[in-house]
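Novice:
Numbering (this note's numbering), first residue to last: 76 to 352.
1) Is the separation between the beta-carbon of residue 80 and that of residue 131 shorter than 9 Å?
2) Which residues mark the beginning and the end of the alpha helix (DSSP H) in which residue 273 is found?
3) Give, in chain order, every unbroken run of the alpha helix (DSSP H) that is at least 4 residues long and sits entirely within the region 199 to 278.
4) Does DSSP put residue 116 in a helix, a strand or coil?
5) So what does DSSP say about residue 80, is it helix, strand or coil?
6) Hey, how far is the Cα of residue 222 from the Cα of residue 305?
7) My guess is that residue 347 and residue 253 are in contact by the Cβ rule of under 8 Å, so how many angstroms apart are they, rounded?
8) With a cut-off of 8 Å on the beta carbons, I'd call residue 227 and residue 315 a contact; round off their distance for me.
9) Please name the residue or residues paired with residue 318 in a DSSP beta bridge.
10) So, with DSSP's three-state summary, where would you put residue 325?
11) Out of curiosity, what's the CA-to-CA distance linking residue 178 and residue 310?
12) Buried or exposed: where does residue 333 fall if 16 or more other Cβ atoms within 10 Å of its Cβ makes it buried?
13) So what's residue 105 in DSSP terms, helix, strand or just coil?
14) Return the CA-CA distance between residue 298 and residue 192, expressed in angstroms with no decimal places.
15) What do you reckon, are the CB atoms on residue 154 and residue 123 nearer than 9 Å?
16) Return the chain-ordered list of same chain residues with a C-beta closer than 7 Å to the C-beta of residue 340, the five sequence neighbours on each side being excluded.
17) Alpha carbon to alpha carbon, what distance is there between residue 166 and residue 307?
18) Looking only at C-alpha atoms, which of 275, 99 and 337 sits nearest to residue 351?
19) Determine the DSSP secondary structure at residue 168, reduced to helix, strand or coil.
20) Name the DSSP beta bridge partners of residue 133, please?
21) Apart from the five residues just before and just after residue 273, which ones in its own chain have a Cβ nearer than 7 Å to its Cβ?
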């Protein structure tokens with residue numbers, strides 16, 4: 076079996092896919108700027124050598140319109156690949172849930188479908204690990220989750236569940252040609268998230284509902300460029316407009332077990348010390 080190529084292998088999902096393949100003793104190869112065979116989404120000269128020798132790839136695209144466009148180019152130039160599992164986002168292409176922020180992801184999905192590859196697309200809800208492994212961790216540490224999500228809710232998913240679904244899709248060809256939509260078992264508002272994290276950490280954590288323009292200004296002040304700050308605002312607009320308040324049962328369909336609840340995830344994560352002041 077040729078090694079499975081994991082693009083963005085050091086990201087939240089890529090790391091978990093690699094761990095699952097390790098556990099199954101399935102060979103894989105990570106591709107990043109620091110890998111032995113250097114891979115850079117924005118340097119097309121690195122692409123052909125990265126693909127060489129691989130038939131199956133897991134692709135987690137870079138964030139932002141430019142990154143999504145580059146991922147589309149990569150798929151179009153992926154000579155030698157036969158099988159592709161693509162990370163997308165819940166709501167992309169769903170009737171009644173159209174948002175401009177999804178346009179780039181929808182275009183990427185369409186590129187994958189038109190590529191001639193055996194494709195599977197996985198559309199997860201927002202990752203719970205955003206609060207422990209991403210920029211939202213600093214909000215938890217500061218005791219204030221400052222976002223423009225309003226009173227909307229999201230069915231937050233444990234990224235370990237995402238990794239399990241991705242790995243199954245990579246190894247089981249019965250999922251070829253399918254779009255798998257996955258989420259946690261219930262929806263939570265940001266106020267409810269703050270309450271859950273307060274209970275898990277034993278420290279008071281509140282939610283501050285920012286106006287979208289104020290949210291962008293704070294993100295830029297924290298170091299994001301305008302394009303990325305706008306993209307984050309627009310993603311939270313989906314929640315703010317109550318368009319994520321539904322549960323998707325893809326985890327149970329693929330894995331035969333329920334998705335992990337946010338409460339259980341938060342309690343276990345707190346034990347690791349990631350939110351210790």
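For every residue, glycine included, the Cβ atom is placed at its ideal position computed from N, Cα and C.
Specialist: According to the data block:
1) Yes. Within cutoff.
2) Counting along the chain, the alpha helix (DSSP H) containing residue 273 begins and ends at 265 to 276.
3) Counting whole runs of 4 or more residues, the region 199 to 278 contains the alpha helix (DSSP H) stretches 205 to 208, 211 to 217, 234 to 246 and 265 to 276.
4) Here DSSP, grouped into helix, strand and coil, assigns residue 116 to coil.
5) Residue state, collapsed to three classes: strand.
6) Distance between the alpha carbons of residue 222 and residue 305: 13 Å.
7) Under the criterion of beta carbons closer than 8 Å, residue 347 and residue 253 do not qualify as touching, at roughly 34 Å.
8) That pair is a contact at about 5 Å.
9) Paired residue(s): none; residue 318 is not in a bridge.
10) In the three-state reduction of the DSSP assignment, residue 325 falls in the helix class.
11) A direct Cα-Cα distance of roughly 12 Å separates residue 178 from residue 310.
12) By the Cβ-count criterion, residue 333 is exposed, with fewer than 16 other Cβ atoms from all chains shown falling within 10 Å of its own Cβ.
13) Three-state result, residue 105: strand.
14) Distance from the CA atom of residue 298 to the CA atom of residue 192, rounded to whole angstroms, is 38 Å.
15) Pairing residue 154 with residue 123 gives a Cβ-Cβ distance under 9 Å.
16) Cβ neighbours of residue 340 beyond the five flanking positions: 203 and 233.
17) Cα-Cα distance, rounded: 16 Å.
18) Looking from the CA of residue 351, the closest CA among 275, 99 and 337 belongs to 275.
19) In the structure shown, residue 168 falls within a coil segment according to DSSP collapsed to helix, strand and coil.
20) 81 and 160.
21) Around residue 273: 279 and 280.
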